[in-house]
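S.K.: In my numbering, the protein residues as written are 1291 to 1942.
For each residue, glycine too, the CB sits at the ideal point set by N, CA and C.
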């Protein structure tokens, strides 16, 4: 007999959703998950738990469908970050004329760490705090062991001491603070603010530390060159430092200041065709510095950023400062100009450079043919040259690609006319606001209880689209084209947040069905899904001769995700919920994850110090062994084979 009232079985509204598994009758389980508050999926578009418990027949049919949907969500998450958010961040950084180091630890690092950061924010907003910390610490452990271990095994190189020590120190500090708060069981607004303050300190150390190192390196270079040109008997006559500096300034031509390459987590693009044409097509002028073949495409924010430099450097109509020079060397992985060199070298942001070098080209297609090419995953002449697996992947992922390309505007200065397509950009003026309303939960919101919000947004978007159409021409981007980059940034963030919300809700449904804790789901499925791109791209980058950059990428992204993910998410919760304390979900499994992360980072530091900051295959195999041991311990603890009891305390 089906249950009609939860009180019949003494079930409170606040009871954990897994209580439904204690009933054998499917109708009873369905009613329970429909009425329990813990079984609701919040702002998710689909009621995943209801689909698993209330679908007639076997549970395996909806389960397989949801697994396929989970894979599609992870593909869309990585694609949105790498192919839409990163180009927007590059253009925004250059339009604001930020220096390389500032952009590297802010916009670009955020672009590559966006899936982890926003997944954390979505988890905490849905009160899945254990899932959030499990993904952050578990993902960091995965990257620090598997990814770093494979880099060590496949490459022999010298580590960048300052970058490694800085990132590991801040990662240890951030993870310790997070664990202490979870261990105490509560967090306040001041605690959350400490994460944001620590992130600001991290930025300051990265920026000013890089500037200081560059200055010291420059002075040492001046000294070596000056001494090599002065006879030995005159060196002893140097009496003052001011005389030395003046003489060095007269004798030595100012060398470029090498800035360490930013180290965000790298993400793959949605589509990597065999010919290497990027998602937005027409990269006639692109020069890919970080590849061994010019046919490979950039796969992350760092590549997008470097390619934007090379494209600007190659354009003859752009004004490049005489004091800045570009050096492309593998020895120290430095490809950027001086510390204070602005990203945008053009005289202005009014497309003057692009007008001269790009948009006066004879158009190959009409604007409507250009629209068809924009929404096509590959160009027609490349389809026949693709491997059948690439063709299959393009066909399967086409719906994801189509939805994103129709709703997210992209400004890409490496493409012809900066990727301007008047019909598509006009359409995006309508679709982008509608998608934001849908993803942010405003689809059913009524204005004055009369007009739906989406109707008002549709009218305003249509007016904006008409204005764009009649104030622009087909083959030349308008002066306000850079505004589409800012719009693309906002829409990309909204998409990532919406996708992350779906992933978190779907993982919760799987956890309820199989009785798996949020911590374990976070440190395995969510962490692997968000960081599989790091494994592929960082290993590829290391094999191409840039292991130092790949190493830096293994730490800067997790540091950013941990500091901003927790800090921003809880700050938002405190301001919206108007509470003074938020309770955190602690488990013994979390202690194991934190202990594993600290052990891995400590062993990594000790081993690199012992090898004088040289990579070692032995250390690589040791890291892989540590991760395998870590998985065995967590699995045995989760399923009851091992019990760990820790004394709780309250953080005052």
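By Cβ distance below 6 Å, which residues in the same chain neighbour residue 1360 in space, the five residues on each side in sequence not counted?
M.R.: Correct list, in chain order: 1796.
S.K.: Cutting at 7 Å between CB atoms, please list the residues of its own chain near residue 1821, excluding the five before and the five after it.
M.R.: Here the set comprises 1429, 1432 and 1433.
S.K.: Measure from the alpha carbon of residue 1884 to the alpha carbon of each residue in 1336, 1909, 1924 and 1374, then state which is nearest.
M.R.: Residue 1924 is the option with its Cα nearest to residue 1884.
S.K.: In angstroms, rounded to a whole number, what distance separates the CA positions of residue 1489 and residue 1898?
M.R.: Roughly 25 Å between the two C-alpha positions.
S.K.: Taking contact to mean 3 or more Cβ pairs, one atom from each stretch, closer than 8 Å, check whether the stretch 1473–1483 and the stretch 1868–1878 are in contact.
M.R.: Enough Cβ pairs lie closer than 8 Å, so yes.
S.K.: Which residue wins for smallest C-alpha separation from residue 1784, given the options 1694, 1425, 1908 and 1471?
M.R.: Minimum Cα distance to residue 1784 is reached at 1694.
S.K.: Ignoring anything shorter than 3 residues or poking outside the stretch 1381–1446, list the beta strand (DSSP E) runs there in chain order.
M.R.: The qualifying runs do not exist here; there are none.
S.K.: So which of 1457, 1698 and 1768 has the shortest CA-CA distance to residue 1777?
M.R.: Residue 1777 has its Cα closest to that of 1698, out of 1457, 1698 and 1768.
S.K.: What residues are listed by DSSP as bridge partners for residue 1904?
M.R.: According to DSSP, residue 1904 bridges with 1448.
S.K.: Assign residue 1837 to one of three DSSP states: helix, strand, or coil.
M.R.: In this structure, residue 1837 counts as helix in the three-state DSSP scheme.
S.K.: With 16 as the cutoff for other CB atoms within 10 Å, does residue 1352 come out buried or exposed?
M.R.: With 16 or more Cβ atoms within 10 Å of its Cβ, residue 1352 is classed as buried.
S.K.: Assuming the contact rule is C-beta atoms closer than 8 Å, residue 1692 and residue 1720 should be a hit. Round their C-beta distance to whole Å, please.
M.R.: Residue 1692 to residue 1720, Cβ: 16 Å. No contact.
S.K.: With a Cβ-Cβ cutoff of 7 Å, do residue 1903 and residue 1451 count as a contact?
M.R.: The answer is yes: Cβ separation under 7 Å.
S.K.: Three-state secondary structure (DSSP) at residue 1664?
M.R.: Three-state result, residue 1664: helix.
S.K.: Reducing DSSP to helix, strand and coil, say where residue 1324 ends up.
M.R.: Of the three classes helix, strand and coil, the one that applies to residue 1324 here is helix, per DSSP.
S.K.: If you pair each beta-carbon of the stretch 1873–1882 with each one of the stretch 1442–1460, do three or more pairs fall below 8 Å?
M.R.: Short answer: they don't touch.
S.K.: Considering only C-alpha positions, which residue in the set 1347, 1350 and 1323 is nearest to residue 1337?
M.R.: Answer by Cα proximity: 1323.
S.K.: On the three-state DSSP scale, how would you describe residue 1765?
M.R.: In this structure, residue 1765 counts as coil in the three-state DSSP scheme.
S.K.: Determine the burial state of residue 1510: buried for a count of at least 16 other Cβ atoms within 10 Å of its Cβ, exposed for fewer.
M.R.: Classification for residue 1510: exposed.
S.K.: Pick out the complete beta strand (DSSP E) segments inside the stretch 1822–1890, 3 residues or longer, and give them in chain order.
M.R.: Entirely contained in the stretch 1822–1890, the beta strand (DSSP E) runs reaching 3 residues are, in chain order, 1871–1873.
S.K.: Taking DSSP's pairing of strands, which residues face residue 1736 in a bridge?
M.R.: Partner(s): 1742.
S.K.: When DSSP labels each residue in this structure, what does residue 1478 get in the three-state scheme?
M.R.: Residue state, collapsed to three classes: strand.
S.K.: Could you give the residue range of the alpha helix (DSSP H) that holds residue 1680?
M.R.: Note, residue 1680: alpha helix (DSSP H), 1678–1686.
S.K.: Please confirm if the stretch 1402–1415 is in contact with the stretch 1850–1868, defined as three or more CB-CB distances below 8 Å between the two stretches.
M.R.: Output reads yes: the stretch 1850–1868 touches the stretch 1402–1415.
S.K.: What is the DSSP secondary structure of residue 1674, reduced to helix, strand or coil?
M.R.: In the structure shown, residue 1674 sits in coil (DSSP, three-state: anything other than H, G, I, E or B).
S.K.: Tell me the residue span of the alpha helix (DSSP H) that contains residue 1374.
M.R.: No alpha helix (DSSP H) holds residue 1374; DSSP gives it neither H nor E.
S.K.: Pick helix, strand or coil for residue 1731, following the three-state DSSP scheme.
M.R.: Residue 1731 falls in the coil class under three-state DSSP.
S.K.: Which value, in whole angstroms, describes the spacing of the CA atoms of residue 1711 and residue 1731?
M.R.: So the two alpha carbons sit approximately 30 Å from each other.
S.K.: From residue 1815 to residue 1767, what distance separates their C-alpha atoms?
M.R.: When rounded, the distance between both Cα atoms is 43 Å.
S.K.: Considering only C-alpha positions, which residue in the set 1733, 1713 and 1750 is nearest to residue 1762?
M.R.: Among 1733, 1713 and 1750, the Cα nearest to that of residue 1762 is on 1713.
S.K.: With a cut-off of 8 Å, do at least 3 Cβ pairs link the stretch 1369–1376 to the stretch 1341–1356?
M.R.: Result no; under three Cβ-Cβ pairs closer than 8 Å.
S.K.: If you measure between the beta carbons of residue 1909 and residue 1442, is that distance less than 7 Å?
M.R.: Yes, these two residues count as a Cβ contact at 7 Å.
S.K.: If you draw a straight line from the alpha carbon of residue 1836 to that of residue 1463, how long is it in whole angstroms?
M.R.: C-alpha separation (whole angstroms): 28 Å.
S.K.: Can you tell me the Cα-Cα spacing of residue 1729 and residue 1331, whole angstroms?
M.R.: Residue 1729 and residue 1331: Cα-Cα distance of roughly 14 Å.
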